[in-house]
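S.K.: Below: one structure in structure tokens.
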Amino acid sequence: MPGWQSFYHDLNAKNFEIISIAQDTGGAKDAAPWITAAKPEYTALIDDKHLVTQLYNMVNVPTAVWINEKGMIVRPNEVAYVDNRYKAMHGIDAGPYLDAIRDWVANGDRSPFVMSEQEVKERLKPPSPERAMADVEFALAEYLHKNGKTEDAIAHFKEAQRLDPDNWNYKRQAWALSDAEKNYGTSFMKEVQKLNGKPYYAPRKLPEVKKP
Amino acid sequence: MLKTLVCIAIASLLAAATSSAATDKDRAAVIYDGVPTEVTASSEASKDLWITMDDLKRATRFVVKPQGVCRDELCFPLPAKRKAEFISKRGAVTWFNLTAFAALVKQPVVRDEKNGVWYFGKREDERGTYLASLEAPNFTLPDINGKMHSLADYRGKKVLLVTWASW
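Quick note, the sequences are listed as chains A and B, same order.
Straight run, no breaks: the first sequence in numbering that gives the first Met the number 0 ends on number 211.
Straight run, no breaks: the second sequence in numbering that gives the first Met the number 0 ends on number 166.
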């Protein structure tokens, strides 16, 4: 978050807003300390039901979507790091992506990083029936957890993970809410090791643009 | 304050749903459009959730009309030959099969049997609706001060929507 704050501040563009959304079942209790520390001038929201994850069919954080002045998606879900803190783990360089955003803010829909409608449509897939069912299992689990039935929530979190196995949000959130080793027999680091070279994030493709 | 009240309301609703009385009726919690409502569930042996017409309206805002199961302008006709799967009159009470209706409109449902909670998700016609228009789906969420913000408020600006998490 501090990285996005300095990026946003330096860009100082009237026609551009960052809406940052915490995907946290714990709500403000878990997310607010980070937001308070970052002192964002942009819009920082808290989503304690993972609604945006469901609505945009996301599977990971950080995930970004570019939305133009007319409210249309011009770049769909993709990994969006603002710095290289975790580059050793995922291998994604933040620099070219930040340059792409600057280009978009300056040039709008003429930016080479803005995708055609057809390209966006090719990349966006409708949620599978399994994903739709996983969303409901996850929502039920969250509801039980929030009402003090954390033990009973575990079976539903597990079912959500089984139905949508590539959804890291549904895994990591569930593991964070209880003892992952005890209740799920795993941990985030163990699962990352299991990837065995397979990328953690779907690869991001930015067009090559010659610098003037 | 309001949040506390809502939490208390939900907690008591769950407590009521879990302590089922030893009568011919059971309490259940139905979550529809994200909103929990306590209902009376028919205790007849069934994997389905049968609720009263009053509870149908309270929990879902749908009502049964001659033309189908309707909410505002939206109506889902019931297949003529299968009405008995959806509506059943027993004694003075008319029951509605909410899970059969969910199957009809392709709406995912999950149940936590122990706690008597039924969670109804989005109908098929409500999922991925933006894929044709590419209009970014709207949402309304709070900031750390509880002030609500909608994506639609930012029309006229470019928006970088970016998710993160504390976990």
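Note that the Cβ used here is the ideal one computed from N, Cα and C, for glycine as well.
1) According to DSSP, what are the bridge partners of B/T36?
2) Pull the bridge partners of A/L97 from the DSSP assignment, please.
3) Note down the Cα distance separating B/L55 from B/K113, rounded to an integer number of angstroms.
4) Residues of chain A with a CB under 7 Å from the CB of B/V158: which are they?
5) Can you grab the Cα-Cα spacing for the pair B/E72 / A/R84, in whole Å?
6) Mind checking which residues open and close the beta strand (DSSP E) that includes B/Y118?
7) Within its chain, find whatever has a CB closer than 7 Å to the CB of A/R122; leave out the 5 residues flanking it on each side and keep chain order.
8) Can the beta-carbon of B/I50 be found closer than 8 Å to that of A/Y142?
9) Could you give the distance in angstroms between the alpha-carbon of B/E37 and the alpha-carbon of A/A131?
10) My output table needs one value for A/K48: the three-state DSSP class, helix, strand or coil.
11) Residues of the stretch 168-187 of chain A with a CB closer than 9 Å to any CB of chain B: list them in chain order, please.
12) Anything in chain A within Cβ reach of B/K113, meaning under 9 Å, just list it in chain order.
13) Closest Cβ-Cβ distance between B/S42 and chain A: below 8 Å?
14) Could you tell me the distance, in whole angstroms, from the CA atom of A/V60 to the CA atom of B/T162?
15) To the nearest whole angstrom, what separates the beta carbons of A/T62 and A/V78, a pair I think is in contact under 8 Å?
16) Buried or exposed for A/A30, please, with buried defined as at least 16 other CB atoms from any protein chain shown within 10 angstroms of its CB.
17) Exposed or buried, what is A/V58 when buried is set at 16 or more other beta-carbons lying within 10 Å of its beta-carbon?
18) By a C-beta neighbour count over all protein chains shown, 10 Å radius and 16 as the cutoff for buried, is A/H144 buried or exposed?
19) Run down chain A in chain order and give the residues with a C-beta less than 9 Å from the C-beta of B/L133.
20) On the DSSP letters alone, give me the boundaries of the beta strand (DSSP E) that B/L160 sits inside.
M.R.: Answer, in terms of the structure:
1) B/V29
2) Its beta-bridge partners do not exist; DSSP assigns none.
3) 22 Å
4) E16, I18 and I66
5) 51 Å
6) V116 to F119
7) P75
8) no
9) 24 Å
10) coil
11) Taking 9 Å as the Cβ-Cβ cut-off against chain B, the residues of the stretch 168-187 of chain A that qualify are N168, R171, Q172, W174, A175, L176 and F187.
12) K148 and D151
13) no
14) 6 Å
15) 7 Å
16) buried
17) buried
18) The Cβ neighbour count for A/H144, taken over all protein chains shown within 10 Å, is at least 16; the residue is labelled buried.
19) M71, I72, V73, P75, E116, V119, K120 and L123
20) K157 to W163 is the extent of the beta strand (DSSP E) around B/L160.
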